[in-house]
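Position 104 of the sequence shown, counted from 1, bears residue number 104 in the UniProt record's numbering, the numbering being contiguous throughout.
The C-beta atom is built at its ideal place from N, Cα and C for all residues, glycine as well.
Owing to the predicted nature of the structure, the values given are computational and were not obtained by experimental measurement.
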Amino acid sequence: MTKKLLVFGGSGHAKDVIAAARVMGYERFGIVTTDGTSHIEGLSAVAEADFKPDQYADWDCIAAIGNNDHRKRFYEQYAAKINFVSIISKEASISESATIGPGTYIGAFAYIGPDAVVGDACIVNTHSIVGHDAKISDFTHVGPRVCLSGHVELGKNVFIGAGASFNNGSYDAPLCVPDGVHIGMGCQITESIRHQNVRLIPKPNYILMQR
Ligand SMILES: CC(C)(COP(=O)(O)OP(=O)(O)OC[C@H]1O[C@@H](n2cnc3c(N)ncnc32)[C@H](O)[C@@H]1OP(=O)(O)O)[C@@H](O)C(=O)NCCC(=O)NCCS
């Protein structure tokens with residue numbers, strides 16, 4: 001039977017997800033975007049206003065949108081009507097005891113360690129490391145080449161920019177990032193963050209000077 005994947009989103013992140021899904025054996029793709037625009041060559045999009053979920057009852061589905069709020073909105077609106085699945089790159093390495101929720105994308109060369117838990121509609125992007133016993137809550141986006149050491153716990157709707165790295169926590173004292181926090185690319189997080197919905201930006205690591 002032809003494997004069919006409905007994708008919410010038609011931009012750069014959707015390209016990554018579709019590329020991984022093709023290798024997993026999906027042969028037919030449908031795209032739905034808010035305004036009917038698609039940036040994916042050869043795949044036109046249906047505008048959400050014209051989208052009829054009951055026509056996709058036997059399709060798998062994922063929201064492939066980098067923005068956490070938008071991805072969450074699509075997942076919550078349609079999860080009861082269409083079968084959301086995780087799309088896991090064949091080049092990712094997932095420990096047997098790790099758990100990954102529906103609607104989550106794991107990119108190429110990502111590593112998910114033993115007893116790690118990744119929630120629903122999350123992104124763990126290319127080359128990222130999710131250490132043993134780490135927890136990633138629903139609708140959180142871990143950018144490319146992020147290093148979450150063991151026992152790091154991310155709340156819901158967290159965004160981690162490319163290349164950020166985290167000190168390890170422990171069984172008694174995990175390193176925690178509360179809901180809604182945005183962490184800038186390149187940050188080095190050495191201890192738990194106390195406040196929800198804050199934004200962390202590292203000091204600039206270079207200064208522009210005349211040669
Ligand atoms: C954390 C982040 C989301 C904040 O974005 P923002 O709220 O729009 O912040 P701004 O871009 O307005 O930046 C504010 C200031 O901090 C600086 N800044 C922002 N992020 C920075 C970073 N990671 N390192 C160093 N300086 C940074 C900006 O240059 C700007 O400086 P200025 O006021 O002197 O011009 C963003 O900086 C970031 O890290 N994005 C992640 C990008 C990424 O990983 N993409 C891959 C996704 S798959």
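Note to self: Please list the terminal residues of the continuous alpha helix (DSSP H) segment that includes glycine 12.
What the structure shows: Boundaries of the alpha helix (DSSP H) harbouring glycine 12: 12-24, taken from the DSSP string.
Notebook entry, point to check: ligand 1 heavy atoms versus the CB of proline 204: any closer than 6 Å?
Noted result: Short note on proline 204: C-beta closer than 6 Å to some heavy atom of ligand 1.
Note to self: Alpha carbons only, please: which of Tyr75, Arg22, Val23, Arg194 is nearest the one belonging to valine 32?
What the structure shows: Looking at the Cα atoms, Tyr75 is the closest of the given residues.
Check: So is tyrosine 171 buried or exposed if we call it buried at 16+ other beta carbons inside 10 Å?
Finding: Result: exposed.
Check: What's the call for valine 130, buried or exposed, on a 16-neighbour Cβ count within 10 Å?
Finding: Burial state of valine 130 is buried, judged by a 10 Å Cβ sphere holding 16 or more other Cβ atoms.
Checklist line | Cα-Cα separation between isoleucine 62 and histidine 132, rounded to whole angstroms | finding: Using only the alpha carbons, I get a separation of about 26 Å.
Next item on the list: Just tell me which of Arg199, Ala98, Gly143 has its CA closest to the CA of aspartate 179.
Entry: If we check each option's Cα against that of aspartate 179, Arg199 comes out closest.
Next item on the list: Alpha carbon to alpha carbon, how far is glutamate 153 from valine 177? Give it in angstroms, no decimals.
Entry: Rounded to whole angstroms, valine 177 to glutamate 153 spans 6 Å at the Cα level.
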